[in-house]
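Here is the structure we will look at.
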Amino acid sequence: MIDCETFRRRLLEDPAASDAALTAHSERCATCAAFAARVRSAERTIEAALKFDVAATRAAGAGSGDSPPPRTPAFRIAVGGLAAALVVAAVALYAVLGRGPEDLTTTELAAAVMNHWDHDAEGWLPTRQEVAAETLREVLAGDARIDAENLEPITFARSCYLFGRWVPHLSVRGRDGPVMVVLIPGRRLEEPVPLELAEYGLAGRIVPAGDGSIAILGSETEAFDPLERDLVAAVEWTPPR
Amino acid sequence: MVQSRAEQAHKLRFDELVAPLRDDLYRYVYWLGHNAAVADDVVQETMLRAFRALDTLEDEGAVKAWLLTIARREHARWYERKRPEMRDVDDLSPAESKHLATEHDTDVDDMRRAITALDPAYREPLVLQVVFGLTTAEIATTMQVNQGTVLTRLHRARKKLVDIVGADLRIEED
Numbered sequence: 248m249i250d251c252e253t254f255r256r257r258l259l260e261d262p263a264a265s266d267a268a269l270t271a272h273s274e275r276c277a278t279c280a281a282f283a284a285r286v287r288s289a290e291r292t293i294e295a296a297l298k299f300d301v302a303a304t305r306a307a308g309a310g311s312g313d314s315p316p317p318r319t320p321a322f323r324i325a326v327g328g329l330a331a332a333l334v335v336a337a338v339a340l341y342a343v344l345g346r347g348p349e350d351l352t353t354t355e356l357a358a359a360v361m362n363h364w365d366h367d368a369e370g371w372l373p374t375r376q377e378v379a380a381e382t383l384r385e386v387l388a389g390d391a392r393i394d395a396e397n398l399e400p401i402t403f404a405r406s407c408y409l410f411g412r413w414v415p416h417l418s419v420r421g422r423d424g425p426v427m428v429v430l431i432p433g434r435r436l437e438e439p440v441p442l443e444l445a446e447y448g449l450a451g452r453i454v455p456a457g458d459g460s461i462a463i464l465g466s467e468t469e470a471f472d473p474l475e476r477d478l479v480a481a482v483e484w485t486p487p488r
Numbered sequence: 002m003v004q005s006r007a008e009q010a011h012k013l014r015f016d017e018l019v020a021p022l023r024d025d026l027y028r029y030v031y032w033l034g035h036n037a038a039v040a041d042d043v044v045q046e047t048m049l050r051a052f053r054a055l056d057t058l059e060d061e062g063a064v065k066a067w068l069l070t071i072a073r074r075e076h077a078r079w080y081e082r083k084r085p086e087m088r089d090v091d092d093l094s095p096a097e098s099k100h101l102a103t104e105h106d107t108d109v110d111d112m113r114r115a116i117t118a119l120d121p122a123y124r125e126p127l128v129l130q131v132v133f134g135l136t137t138a139e140i141a142t143t144m145q146v147n148q149g150t151v152l153t154r155l156h157r158a159r160k161k162l163v164d165i166v167g168a169d170l171r172i173e174e175d
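From first to last, the protein sequence lines are chains C and A. Counting the first sequence from 1 gives a position; the working numbering is that position plus 247. Counting the second sequence from 1 gives a position; the working numbering is that position plus 1.
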């Protein structure tokens, strides 16, 4: 036999609880029986409150005040016209056409990357959709393999003509938005080369990665260190034929 | 792209075991932080990781607890990376809180506000029990506390909530 305190405690722990002891006490104690009825009635309201309409909540949340903080300006800018820095970069670009990445100075390398940043707008779309594995394989074919196990999702992949050759241009989902990644096979670096597009809120580096290097460009507030580390660890260059 | 048989089987297993839990998972994550956009992000990541790690699920009967463990970890990671401003439900304008309100049932509306106002340590076991139907033992495993703690928190959560619908139960304080 259980007492009223135990009966009420057990019901508040689990209103659906039912056993011989609870049943016997409920039959014996009218006050506790009424208590049980109220708790079970309240439980229906609790359940209705907890099991809200997910679709409606997601739709409301998308436009409501509990959205995450606005993204950095890089993803709200209107692309139109070239800043002075890009004009300079564009002029510099003409000098690099026809030469491979291994022939370029670090300044020319950086200029080529920065000039390319707005050529594939799709790569800057904040998306959760990962690129298809087959597409990624095709883009990387002949240049590299990527072990994506410990990498942030790759959301974009395209072969782009930079540095006088076709190279993989990827987007990785960074903490603060899409991050542009360009693989530069065969171009060794001694130390990182900074990238900066301050008027667009973008920054990054071209980092050494064994027999090649990797250009990483994203929001200037991005957490680049772990991203660089993970990318360098994930990329394995394909030996040239 | 032609999928291999193994890939098809993997996807089928995911669709049968995990995909049906998505809405309840969203509700759980939403109640953890009361933020729809965070819930969206965390659920997306959780489902992605669950898909990749599905082969590690040996006991299909434990899929809920397994999925919830991933979600708790992803939710914690989300907040390690970002520090969004948490907003009190009373500060939300009517337009912003429309997903909390129901048109015809003020009791449910009042209950949602009361649940939101609960200490998160009390709210979480309640969500796990009511939304996911977990047993006390499963809740204890998911939250990494002992069963006695789970029972105490469930008791205290309901003691606060049952008064919301107007019943004077004259419940003694512990």
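Quick reminder that beta carbons are idealized off the backbone N, C-alpha and C, glycines included.
(request) Can you have a look at A/T137 and say buried or exposed, based on whether 16 or more other CB atoms are within 10 angstroms of its CB? (result) buried
(request) Over the uninterrupted beta strand (DSSP E) stretch that includes C/L430, give me the two end residues. (result) 424-432
(request) Output yes if chain A places a C-beta closer than 8 Å to the C-beta of C/E294; else output no. (result) yes
(message) Against chain A, does C/L259 count as a neighbour if the rule is that its beta carbon must be under 8 Å from one of theirs?
(response) yes
(request) Give a yes or no on whether the C-beta atoms belonging to C/L489 and C/V426 are separated by under 8 Å. (result) Outside the modelled stretch of chain C, which goes from 248 to 488, sits residue 489 of chain C, for which no answer is possible.
(request) Compute the Euclidean distance between the alpha carbons of C/L442 and C/A450, then round it to the nearest angstrom. (result) 5 Å
(message) Does chain A have any CB closer than 8 Å to the CB of C/F299?
(response) yes
(message) For a cutoff of 8 Å on Cβ pairs, would you count A/Y123 as touching chain C?
(response) No, its Cβ sits nowhere closer than 8 Å to a Cβ of chain C.
(request) Return the CA-CA distance between A/R14 and A/V64, expressed in angstroms with no decimal places. (result) So the alpha carbons of these two residues sit roughly 11 Å apart.
(request) Give the C-beta separation of C/D394 and C/T485 to the nearest angstrom, bearing in mind that I take them to be a contact with Cβ-Cβ under 8 Å. (result) Going by Cβ atoms, the distance from C/D394 to C/T485 rounds to 13 Å, so no, they are not a contact pair.
(request) Could you tell me which residues DSSP pairs with C/R401 in its beta bridges? (result) According to the sequence provided, residue 401 of chain C is Ile. The question's Arg does not apply to it. Answer by DSSP bridge pairing, in chain order: C/V419.
(message) Please state the DSSP three-state secondary structure of C/R384.
(response) helix
(message) Using DSSP's beta-bridge definition, name the partner residues of C/L409.
(response) Partner(s): C/R412.
(request) With 7 Å as the limit, tell me which residues of the stretch 44-72 of chain A have their beta carbon closer than that to any beta carbon of chain C; keep them in chain order. (result) Cβ contacts with chain C come from Q45.
(message) Counting only C-beta atoms, is A/L162 closer than 8 Å to chain C at any point?
(response) yes
(message) Here's the rule: buried if 16 or more other CB atoms are within 10 angstroms of the residue's CB, otherwise exposed. What is C/P473?
(response) Residue burial is scored here from C-beta neighbours: C/P473 has fewer than 16 other C-beta atoms within 10 angstroms and is therefore classed as exposed.
(request) With a 10 Å radius around its C-beta and 16 neighbouring C-beta atoms as the bar for buried, classify C/Y447 as buried or exposed. (result) Buried, because 16 or more other Cβ atoms sit within 10 Å of the Cβ of C/Y447.
(message) Just list the residues that DSSP pairs A/R82 with in beta bridges.
(response) A/R82 is bridged by DSSP to nothing; it lacks a bridge partner.
(request) For chain A, find out if any of its Cβ atoms is closer than 8 Å to the Cβ of C/T304; answer yes or no. (result) yes
(message) Less than 8 Å between the beta carbons of C/L409 and C/H363, yes or no?
(response) yes
(request) Determine the direct distance from the alpha carbon of C/F403 to that of C/F471, and round the result to whole angstroms. (result) 18 Å
(request) Pick helix, strand or coil for C/S273, following the three-state DSSP scheme. (result) If DSSP states are grouped into helix, strand and coil, C/S273 belongs with the helices.
(message) I'd like to check one pair, A/E139 with A/L33: are the Cβ atoms closer than 8 Å?
(response) no
(request) Please state if the CB of A/L26 and the CB of A/A72 are separated by a distance shorter than 8 Å. (result) yes
(request) May I ask you to report which of helix, strand or coil DSSP gives C/A359? (result) C/A359 falls in the helix class under three-state DSSP.
(request) Taking all protein chains shown into account, decide if A/D91 is buried (16 or more other Cβ within 10 angstroms of its Cβ) or exposed. (result) Because the pLDDT at A/D91 is just 43, under 50, the model does not fix this residue reliably, and the value given afterwards should be weighed accordingly. Exposed: under 16 other Cβ atoms inside 10 Å.
(request) For C/R375, return the contacting residues in chain A, with the cut-off set at a CB-CB distance below 7 Å. (result) Q45
(message) One question on the structure: do C/G459 and C/P432 come within less than 8 Å of each other, judged by their Cβ atoms?
(response) yes
(message) Within a Cβ cutoff of 6 Å, which residues of the same chain sit near C/L387, ignoring the five residues on either side of it in sequence?
(response) P415
(message) Can you pull the chain C neighbours of A/Y27, defined as C-beta to C-beta under 9 Å?
(response) V301, T304, R305
(request) Determine the DSSP secondary structure at A/G149, reduced to helix, strand or coil. (result) The answer is helix: DSSP assigns A/G149 an H, G or I state.
(request) Inspect the beta-carbon positions of A/V39 and A/E75 and report whether they are closer than 8 Å. (result) A/E75 sits away from A/V39, with the two beta carbons spaced by 8 Å or more.
(request) Please go through the same chain and pick out, in chain order, the residues whose beta-carbon is closer than 8 Å to the beta-carbon of C/E483, but skip the five residues on each side of it. (result) A391, R392, I393, D394
(request) Report the rounded CA-to-CA distance for A/D111 versus A/H156, giving the unit in angstroms. (result) 19 Å
(request) Report the residue from C/R291, C/R255, C/L444 whose alpha carbon sits nearest the alpha carbon of C/A281. (result) For the residues C/R291, C/R255, C/L444, the minimum Cα distance to C/A281 belongs to C/R255.
(message) Taking the beta carbon of C/R375 as the centre, do at least 16 other beta carbons fall within 10 Å, making it buried, or is it exposed?
(response) exposed
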